[in-house]
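Participant: Quick one: this structure, given as structure tokens, is what I'll be asking you about.
Residue numbers (our numbering): 31 to 195.
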């Protein structure tokens, strides 16, 4: 049953997310947390590993989530689920592209989807920044800035600005 759940969950994520892997992160996060597949910490670690390994981040995350829930077969099923919708859509678009783009409705849809993609990516960035730059303190019972995180961020921004092409 877990294999069907993995496939359907990642098929849904792959089908209804525009904007690529980074736009999928917040949806994968929401589903994985809601279904109890991962904790917030495991998810952040998975994002870091997915970002540093070769390949699309959504495929890497689907593979890792599938692995935690169903081993090798779970990895395969989750990866197939997240990739299959794009594959099917690309086949359909290739067959219809010339007639498809001339319609104003299609152009309006694509124009309307762009801000949603930006919002999904921004939501992921804010969640990751809050998780890495703020730490929970037991003394005050609230969140406090993580000084080391801000120092690392400042160094990375400085390096990026110095070596900007």
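The beta-carbon is built from N, C-alpha and C at its ideal position, and this holds for glycine as well. Every value quoted in this text rests on a predicted model; they were computed, and no experiment measured them.
Are there any heavy atoms of the ligand HEM lying less than 7 Å away from the beta-carbon of residue 123, as far as the coordinates show?
Facilitator: This structure lacks the ligand HEM; in fact it carries no ligand of any kind.
Participant: At what residue ranges does the segment 74-150 contain a whole run of the beta strand (DSSP E), taking only runs of 3 or more?
Facilitator: Qualifying beta strand (DSSP E) stretches: none in this window.
Participant: Can you tell me where the alpha helix (DSSP H) holding residue 37 begins and where it ends?
Facilitator: Its alpha helix (DSSP H) spans residues 32-46.
Participant: 8 Å is my cut-off, CB to CB: does residue 164 come that close to chain D?
Facilitator: Here chain D cannot be found, since the structure has a single protein chain.
Participant: May I ask you to verify whether the segment 121-128 touches the segment 46-63, counting CB pairs closer than 8 Å and requiring at least 3?
Facilitator: Flag = no, the segment 121-128 and the segment 46-63 do not touch.
Participant: Taking the DSSP output, what are the residues bridged to residue 164?
Facilitator: Paired residues: 175.
Participant: From residue 133 to residue 141, what distance separates their C-alpha atoms?
Facilitator: Distance between the alpha carbons of residue 133 and residue 141 is about 13 Å.
Participant: Does the separation of the CB atoms of residue 95 and residue 58 fall below 8 Å?
Facilitator: Cβ atoms of residue 95 and residue 58: closer than 8 Å.
Participant: To the nearest angstrom, report how far apart residue 39 and residue 62 are at their CA atoms.
Facilitator: Distance between the alpha carbons of residue 39 and residue 62 is about 9 Å.
Participant: Spatial neighbours of residue 90 within its chain, please: CB distance less than 6 Å, with the 5 preceding and 5 following residues excluded, ordered by chain position.
Facilitator: For residue 90, where only same-chain residues beyond five positions count, the Cβ hits under 6 Å are 80 and 83.
Participant: Could you please give the first and the last residue of the uninterrupted alpha helix (DSSP H) stretch that includes residue 14?
Facilitator: There is no way to answer for residue 14, as the model of the chain reaches only from 31 to 195.
Participant: Report the three-state DSSP secondary structure of residue 69 (helix, strand or coil).
Facilitator: Coil, per DSSP.
Participant: Look up residue 193 in the DSSP assignment and say whether it is helix, strand or coil.
Facilitator: DSSP places residue 193 in coil when its eight states are reduced to three.
Participant: Can you give the Cα-Cα distance for residue 188 and residue 131, rounded to whole angstroms?
Facilitator: Going by the C-alpha atoms only, they are around 42 Å apart.
Participant: For residue 137 and residue 42, I'd like the C-alpha separation in whole angstroms.
Facilitator: Cα to Cα, the separation comes out at about 24 Å.
Participant: Once you ignore the five residues that flank residue 32 on each side, which residues in its own chain have a CB closer than 8 Å to its CB?
Facilitator: Cβ neighbours of residue 32 beyond the five flanking positions: 99, 100 and 104.
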